[in-house]
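Participant: Numbering follows my numbering, in which position 232 of the sequence shown is assigned residue number 324; successive positions increment by one, without gaps. For each residue, glycine too, the CB sits at the ideal point set by N, CA and C. Predicted, not measured: the structure shown is a model, and the values here were computed from it.
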Amino acid sequence: MFRREQSSAGAAPGVCGRISSCLRQEESCMMKIALALIAGLLVLGLLTVALRTPRGDRNWEKGLSRTPAFETLSKGRWRLHDLRAFEFAADGEVKQAWRDKIIDANDLEAIWFFVEPFPSYEGAAHTLVSFVFGGETDETIAISVEARKEEGEVYSGFNGLFNKFELIYLWSTEKDVLTRIAVGLNHEIYAYRLGVETPAAREILKHFIARTNALAGKPRFYNTLTSNCTNELVKAVNSALPDTLPWHYSHVLTGYSAERLHALGFLGETKASFEGMKTQAAAGGAVRAAAGAPAGAFSDLWREKIGAENHLTP
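1. Regarding Ala383 and the ligand PLP, is the C-beta to nearest heavy atom distance less than 7 Å?
2. Taking the continuous beta strand (DSSP E) assigned at Ser166, which residues delimit it?
3. Short of 6 Å in beta carbon distance, which residues of its chain neighbour Glu243, apart from the five on each side in sequence? Order them along the chain.
4. Go ahead and label Val275 buried or exposed: buried means 16 or more other beta carbons lie within 10 angstroms of its beta carbon, across all protein chains shown.
5. Taking just the CA atoms, how far does Phe225 sit from Ser248?
6. Within the segment 168–192, note down every full alpha helix (DSSP H) run reaching 4 residues or more, in order along the chain.
7. By DSSP, does Leu259 sit in helix, in strand, or in coil?
8. Once you ignore the five residues that flank Glu208 on each side, which residues in its own chain have a CB closer than 7 Å to its CB?
9. Just list the residues that DSSP pairs Trp152 with in beta bridges.
10. Are the Cβ atoms of Leu156 and Lys241 separated by less than 8 Å?
11. DSSP on Glu289, reduced to helix/strand/coil?
12. How many Å lie between Ala161 and Ile125 at the Cα?
13. Quick check on the DSSP output: what are the complete alpha helix (DSSP H) runs of length 4 or more inside the segment 278–324, in order along the chain?
14. According to the neighbour-count rule (16 or more other Cβ atoms, all chains shown, within 10 Å of its Cβ), is Thr271 buried or exposed?
15. Under the assumption that Glu295 contacts Ala332 (Cβ atoms under 8 Å), give the Cβ distance between them as a whole number of angstroms.
16. With a 10 Å radius around its C-beta and 16 neighbouring C-beta atoms as the bar for buried, classify Met122 as buried or exposed.
17. Determine the burial state of Thr145: buried for a count of at least 16 other Cβ atoms within 10 Å of its Cβ, exposed for fewer.
18. For Phe250, count neighbouring Cβ atoms within 10 angstroms of its own Cβ and tell me buried if that reaches 16, exposed if not.
19. Output yes or no for whether 8 Å exceeds the beta carbon distance between Arg176 and Leu262.
20. Do Ser365 and Thr322 come within 8 Å of each other at the CB atom, strictly closer than that value?
21. Using DSSP's beta-bridge definition, name the partner residues of Ser212.
22. According to DSSP, simplified to helix, strand and coil, what is Ala408?
23. Who does His218 pair with in a DSSP beta bridge?
24. When you compare the CB positions of Trp204 and Ala293, do they come within less than 8 Å of one another, or not?
25. Near Phe390, which residues of its chain fall below 6 Å by C-beta distance, leaving aside the five closest residues on each side in sequence?
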């Protein structure tokens with residue numbers, strides 16, 4: 093009797109061991125299934141991204157609803173179709189307007205570079221450029237490369253990695269884009285005149301025009317890393333003037349782009365402190381002060397207000 097009881101007691105650890113082993117095998121099996129499901133979802137997601145086709149006919153946000161394009165009139169002279177000329181008020185009111193504009197490369201006087209910092213992180217910013225024309229053109233127009241959002245969409249840098257947004261080369265009056273930032277959004281913006289010779293500036297303009305028309309004919313996706321507001325500008329400059337802007341992390345961490353241009357000598361004397369130059373380049377207050385001026389006077393007026401060093405001169 094004692095031996096049978098001893099035998100039964102000795103069998104218990106073996107049974108528990110087998111149960112424990114089965115449980116471990118079951119957990120391992122479930123883990124493998126879970127990992128396989130995750131891998132499958134990732135592959136499905138990547139395939140969805142890869143197979144998504146960029147389009148130009150979605151239900152776009154109103155400010156991005158038209159696709160700019162240039163019509164060649166003669167050598168160095170174009171008609172820009174669908175130039176945006178919105179007016180933005182501090183109370184959120186927006187007066188919408190689109191128009192055509194004839195521009196002549198021979199009237200180009202200067203190129204300016206702008207940085208709109210994101211409040212959450214100094215390495216993130218939106219950048220854009222404007223072209224200052226004199227002569228018969230006599231207007232300053234801007235190009236802002238953006239993620240083209242549909243109605244109700246909100247920009248996300250993360251979603252921008254996965255073909256969530258198409259790309260747009262948005263051409264507008266300088267008053268439109270600067271008052272949207274400084275008045276409509278109440279953000280700071282920094283303005284820098286680029287130190288490029290007139291022939292080089294004209295080449296840069298021509299390549300922006302060519303890229304705008306190419307995009308109008310064949311839509312592309314925006315990408316936070318490879319096709320964002322800054323590195324698309326870099327591509328246009330480098331296509332006009334090869335190897336002018338070698339790859340740099342500021343093409344992705346766009347908040348550092350002005351500092352990079354300063355280091356390369358495009359913002360004036362490199363011996364000058366960038367921080368001092370940046371302080372002088374703060375233009376939000378000047379833009380807000382000039383916002384009530386007619387579009388024709390606006391560009392000169394805000395430049396006068398940020399000081400003689402940044403005044404628009406030949």
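Facilitator: So, from the listed chains and residues:
1. With respect to the ligand PLP, the structure shown offers nothing to examine, as it has no ligands at all.
2. 161–166
3. Asn151, Glu153
4. buried
5. 34 Å
6. none
7. strand
8. Ala217, His218, Ile273, His279, Ile281
9. Glu242
10. yes
11. coil
12. 52 Å
13. 290–309
14. buried
15. 4 Å
16. exposed
17. exposed
18. exposed
19. yes
20. no
21. Answer is none; Ser212 lacks a bridge partner.
22. What is shown of the chain runs 93 to 406, which leaves residue 408 out entirely.
23. Glu208
24. no
25. Lys267, Ala382
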